[in-house]
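Convert by adding 26 to the 1-based position in the sequence shown; the result is the number in my numbering. No residue lacks a Cβ here, since even glycine has one placed at the ideal position from N, Cα and C. None of the values given here were measured: they were computed from a predicted structure. A short write-up of the structure that comes next.
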Amino acid sequence: PPPPPPPPPPTPFFFHAEEGIRDRSPSRGLGDVYKRQQFASSGVSRSVAIDGSDTPLSSMRQAIARVTVRSKTESPHYYVTHEVNMGAAMNFRSQLNEALDDGSRVSVNDMVLKAVATSLVKYPKWNSSFDGDKLVGHSEINLGVAIALDEGLIVPAVMGIQNMSLVEISQAVRDLGSRARGEGGTLTQDELTKGTFGTSNLGMFGTDTFAAIIVPPNAGIIAVGAVKEKPIVDNGNVVVGQTMNATISAD
Numbered sequence: 027p028p029p030p031p032p033p034p035p036p037t038p039f040f041f042h043a044e045e046g047i048r049d050r051s052p053s054r055g056l057g058d059v060y061k062r063q064q065f066a067s068s069g070v071s072r073s074v075a076i077d078g079s080d081t082p083l084s085s086m087r088q089a090i091a092r093v094t095v096r097s098k099t100e101s102p103h104y105y106v107t108h109e110v111n112m113g114a115a116m117n118f119r120s121q122l123n124e125a126l127d128d129g130s131r132v133s134v135n136d137m138v139l140k141a142v143a144t145s146l147v148k149y150p151k152w153n154s155s156f157d158g159d160k161l162v163g164h165s166e167i168n169l170g171v172a173i174a175l176d177e178g179l180i181v182p183a184v185m186g187i188q189n190m191s192l193v194e195i196s197q198a199v200r201d202l203g204s205r206a207r208g209e210g211g212t213l214t215q216d217e218l219t220k221g222t223f224g225t226s227n228l229g230m231f232g233t234d235t236f237a238a239i240i241v242p243p244n245a246g247i248i249a250v251g252a253v254k255e256k257p258i259v260d261n262g263n264v265v266v267g268q269t270m271n272a273t274i275s276a277d
């Protein structure tokens, strides 16, 4: 038999300076659209001014810098990412929020915290800290929750979270966030310094996957992204599912 024909050469980019369009299609009908003024010569020379002034760091940001440098220096991070099927969890959340009659709502992050707390009960060595020749165990799970403030990022802990229901966790996290922002009180020293494991969530910004820095002396931190719809295989059928990526940064 004759040899198979060679594969077609890659379709080149077509770029139209007048229209500001670049595409791969032979018809030149689709592609990335750019603003015409970014490419067309205006005939006028102009300079772009950029603010190059220094930015003084607050005492909080200086402390954050010291902690993160210490973490990356002293704790050899490794990372594992897993895609979580969130279909059943999202259905449960919807049903639970409909049943709650006190105006409270359970968030996806609340369910993540509950799942992490349950896992730490099952695998308590993750709820420990490295100290030279031993792992220091903790009888309480104080789960850190990353909170972004104008002054910087803090990770206060929900103390004794292993004893809380999902609704109680939701209420505790809202209270923690309010006090972190100076509303209704202040955070305690224990909440700021005695976390035993950490969590961070960028799902509200549409982030798919990221890795967080461990808060010393914790053994790890879980970073979760957004819950998004995507095709998944269910019993041999391709259906629309809801998934979330979770990445553990571990010491």
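Spatial neighbours of residue i in its chain, beta-carbon cut-off 8 angstroms, leaving aside the 5 residues before and after
i: Glu-100; result: Pro-242
i: Asn-271; result: Thr-107, His-108, Glu-109, Val-110, Asp-234, Thr-235, Val-250 and Gly-251
i: Val-142; result: Leu-169, Phe-223, Thr-225 and Ile-248
Residue(s) in a DSSP beta bridge with residue i
i: Gly-267; result: Lys-256
i: Ile-173; result: Ile-180
i: Tyr-149; result: Its beta-bridge partners do not exist; DSSP assigns none.
i: Ala-272; result: His-108 and Val-250
Cutoff 7 angstroms; reference residue i; Cβ partners in own chain excluding five residues on either side
i: Thr-212; result: Arg-205
i: Val-162; result: Ser-154 and Ser-155
Residue i - containing beta strand (DSSP E), residue span
i: Gly-224; result: 223-227
i: Asp-157; result: 154-157
i: Ala-249; result: 246-250
i: Lys-160; result: 160-163
i: Asn-111; result: 104-111
Environment of residue i [buried if 16+ CB atoms lie within 10 Å]
i: Arg-207; result: exposed
i: Ser-226; result: buried
i: Ala-295; result: Summary: the structure shown does not reach residue 295, with the chain confined to residues 27 through 277, and so no result is reported for it.
i: Gly-158; result: exposed
i: Asn-123; result: exposed
Check whether residue i and residue j have beta carbons under 8 angstroms apart
i: Asp-136; j: Ser-196; result: yes
i: Leu-169; j: Leu-139; result: yes
i: Gly-229; j: Ala-238; result: no
i: Glu-166; j: Met-185; result: yes
i: Tyr-149; j: Ile-274; result: no
i: Val-147; j: Gln-188; result: yes
Range of the contiguous alpha helix (DSSP H) that encloses residue i
i: Glu-194; result: 192-206
i: Ser-337; result: No statement about residue 337 is possible, as the shown extent of the chain runs from 27 to 277 and does not include it.
i: Thr-81; result: Careful: Thr-81 lies outside any alpha helix (DSSP H) and carries neither H nor E.
i: Leu-218; result: 215-219
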